[in-house]
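Protein chains in written order, with the numbering used here: chain G, 608 to 737; chain H, 40 to 133; chain F, 755 to 912. What follows is a short report on a single structure.
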Amino acid sequence: MAEVLPIATMLLVLAGTFFSVLGVTGYVRLPDVYTRLHATGKVTVFGAVFLLFAAMAWTPRGLGKGLVVIALLLLAGPVTAHALASAAYHIGIPLTHAVRDDLAAKALAQVGRGPIQEADLAAGLVEDNS
Amino acid sequence: MNTATTLLAITLYGALIVHIGLVSVALWRLWRGKNIIDRLTGFDLISILTVAILIVMALIERDSIYLDVALGLAALGFVGTIALAKYVADDQLF
Amino acid sequence: MAYWMILGLWLLYLALTSNLEPGNLVIGLMLATALTLLLRPQPARLDWRRAPMALLALGRYAAVVIRDAWRSGIGVARILINPELPIAPGIIAVPSGCTSELATALSAHAITLAPGEMVIAIDRDGVMYTHALDTAHSAEFIAQTQALRRHLLSKIFR
Chain G
608 MAEVLPIATM LLVLAGTFFS VLGVTGYVRL PDVYTRLHAT GKVTVFGAVF
658 LLFAAMAWTP RGLGKGLVVI ALLLLAGPVT AHALASAAYH IGIPLTHAVR
708 DDLAAKALAQ VGRGPIQEAD LAAGLVEDNS
Chain H
40 MNTATTLLAI TLYGALIVHI GLVSVALWRL WRGKNIIDRL TGFDLISILT
90 VAILIVMALI ERDSIYLDVA LGLAALGFVG TIALAKYVAD DQLF
Chain F
755 MAYWMILGLW LLYLALTSNL EPGNLVIGLM LATALTLLLR PQPARLDWRR
805 APMALLALGR YAAVVIRDAW RSGIGVARIL INPELPIAPG IIAVPSGCTS
855 ELATALSAHA ITLAPGEMVI AIDRDGVMYT HALDTAHSAE FIAQTQALRR
905 HLLSKIFR
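The structure is reproduced here in structure tokens:
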């Protein structure tokens, strides 16, 4: 029964490494800034969280510290991704291959030109002010 | 030192090597970044990967002091990325 | 008195030192109290009869958020492994439906935590403009999960 802890730790480390590799793969493969942020900001955080689970199980006195670091990473990851995406949109980096862009549609609708997309009206996502 | 522990040690050193390789790939991609947000993303990615390396070190040494270092590094990387993103968006820090 | 802040700081100290000897417990309590007296936070109005239900809802909320993040993590992993990279990125408008700004911000955090969805901007009406890797799938997924989140958040904050 003494074998359970090392084996569980090993599986967690493998899962964490897998997600880290996935995050860097996404950073290299994905086409534009916004899609890349999905891979780096969150998938890599998942990898670190799995490694922390392993550390909580395997390291003596690592339980509390691991919990604190997990809480920090899960709070900070989305905030970082949002800050970077917001800055990117603010300085006008374009989206590539976008199938729809409700934010641009809204900006156009507010200046009084440009159509609100019909699909959004039908779904009730945008109010028809006209 | 039984079989499971040996397997775990091999896995941990493998994970360490893989993570260091990932940092070098991310650095290479950061070097070829197309715009500033792209490079900031790479910076953030490298800071999280460094945190992951420190956690693997904690696992290898079975010493939780590395987790404290990881906590500090994660907090610093977070604040740094937020500050730089704000600077890029508003042309000022505060 | 802000008992909640003393309790939180104490627990944080104990988690970081990972040492449950009586002396360390006392030192942690003293430090937490001193720090709280120094910072003087806004006194929070706690309704003690509602607190257990709110805590229960908070636990369920955390579990739901982690589960959703896990589910979309699997989805994004599938996309990234696939050699054809089947993405259809786009920005969709998601009404949060929450009245308070804090609840809207928490919803935005939960959505952004899930890989594949990322809130870019929030306007005054609480509409979250969400960038998604797989637009059609994410629109459905967010609409589904946001209803549950709104329900739980309304229980937590009233």
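Built from N, CA and C at the ideal position, the CB exists for glycine as well.
| Asked | Found |
| --- | --- |
| For alanine 714 (chain G), does the count of other Cβ atoms within 10 angstroms reach 16, so buried, or fall short, so exposed? | exposed |
| Is any beta-carbon of chain H found at less than 8 Å from that of lysine 672 (chain G)? | yes |
| If you compare alpha carbons, which of F:Val819, F:Ala811, F:Arg878 and F:Thr853 is closest to glutamine 898 (chain F)? | F:Val819 |
| Only counting runs of 4 or more residues, tell me where the alpha helix (DSSP H) segments fall wholly within the region 797 to 872 of chain F, in order along the chain. | 805 to 835 and 855 to 867 |
| Quick one: what does DSSP say isoleucine 56 (chain H) is sitting in, helix, strand or coil? | helix |
| Between which two residues does the beta strand (DSSP E) holding alanine 886 (chain F) run? | 881 to 886 |
| 8 Å is my cut-off, CB to CB: does arginine 739 (chain G) come that close to chain H? | Residue 739 (chain G) lies beyond the stretch modelled for chain G, which goes from 608 to 737, so this question has no answer here. |
| Alpha carbon to alpha carbon, what distance is there between alanine 664 (chain G) and isoleucine 56 (chain H)? | 22 Å |
| Tell me where the alpha helix (DSSP H) around lysine 672 (chain G) begins and ends. | 670 to 697 |
| Give me the Cα-Cα distance between alanine 43 (chain H) and proline 685 (chain G), rounded to the nearest whole angstrom. | 36 Å |
| If we count the other Cβ atoms within 10 Å of its Cβ and call it buried at 16 or more, is histidine 704 (chain G) buried or exposed? | exposed |
| Using a Cβ-Cβ cut-off of 7 Å (strictly less than) and excluding sequence neighbours within five positions of glycine 673 (chain G), which residues of its own chain qualify? | Leu659, Ala662 and Met663 |
| Starting from the N-terminal side, write out each stretch of the beta strand (DSSP E) that is 3 residues or longer and does not extend beyond the region 886 to 912 of chain F. | none |
| Could you have a look at alanine 756 (chain F) and say whether DSSP puts it in helix, strand or coil? | coil |
| Return no unless some Cβ of chain G is closer than 8 Å to the Cβ of leucine 867 (chain F). | yes |
| With a 10 Å radius around its C-beta and 16 neighbouring C-beta atoms as the bar for buried, classify glutamine 131 (chain H) as buried or exposed. | exposed |
| Are the C-beta atoms of isoleucine 76 (chain H) and some chain G residue less than 8 Å apart? | yes |
| Residues of chain G with CB closer than 9 Å to the CB of valine 830 (chain F), please, in chain order. | Leu629, Gly633, His645, Ala646, Lys649 and Val650 |
| Give the interface partners of isoleucine 698 (chain G) over in chain H, defined as CB-CB distance under 9 Å, in chain order. | Asn74, Ile75, Ile76, Val127 and Ala128 |
| Can valine 881 (chain F) and histidine 689 (chain G) be called in contact, C-beta distance under 8 Å? | no |
| Mind checking isoleucine 835 (chain F): buried by the 16 CB within 10 Å criterion, or exposed? | exposed |
| Residues in the same chain with beta-carbon distance under 8 Å from alanine 113 (chain H), minus the five sequence neighbours each way, listed in chain order, please. | Ser86, Ile87 and Val90 |
| Nearest-angstrom Cα distance between threonine 853 (chain F) and tryptophan 67 (chain H)? | 46 Å |
| Give a yes or no on whether the C-beta atoms belonging to leucine 770 (chain F) and valine 631 (chain G) are separated by under 8 Å. | no |
| Counting only beta-carbon separations shorter than 8 Å, does leucine 47 (chain H) have a partner in chain G? | yes |
| What does alanine 714 (chain G) touch in chain H if you count any residue whose Cβ is under 8 Å from its own? | Those do not exist, as alanine 714 (chain G) stays about 16 Å from chain H at its closest Cβ, beyond 8 Å. |
| DSSP beta-bridge partners for aspartate 708 (chain G)? | F:Ile845 |
| In terms of residues, what are the limits of the alpha helix (DSSP H) holding serine 86 (chain H)? | 75 to 100 |
| Classify glutamate 734 (chain G) as helix, strand or coil using the three-state DSSP reduction. | Caution applies to glutamate 734 (chain G), whose pLDDT of 49 falls short of 50 and renders its modelled position unreliable; the value that the coordinates give is listed next. Glutamate 734 (chain G): coil per DSSP, three-state reduction. |
| What three-state label does DSSP hand alanine 609 (chain G) in the structure shown? | coil |
| Which residues of chain G have a Cβ atom closer than 7 Å to the Cβ of threonine 790 (chain F), listed in chain order? | Those do not exist, as threonine 790 (chain F) stays about 19 Å from chain G at its closest Cβ, beyond 7 Å. |
| Does the region 882 to 892 of chain F come into contact with the region 775 to 786 of chain F, if we say contact requires no fewer than three beta-carbon pairs (one atom in each stretch) closer than 8 Å? | no |
| Identify the continuous alpha helix (DSSP H) that holds isoleucine 700 (chain G) and give its terminal residues. | Note, isoleucine 700 (chain G): premise wrong, no alpha helix (DSSP H); not H, not E. |
| Sorted by chain position, which residues of the same chain lie with C-beta nearer than 8 Å to threonine 866 (chain F)'s C-beta, five sequence neighbours on each side aside? | Met872 and Val873 |
| Using 8 Å as the Cβ pair cut-off and three pairs as the minimum, do the region 692 to 703 of chain G and the region 825 to 834 of chain F touch? | no |
| What does proline 613 (chain G) touch in chain H if you count any residue whose Cβ is under 8 Å from its own? | Ala43, Thr44, Leu46 and Leu47 |
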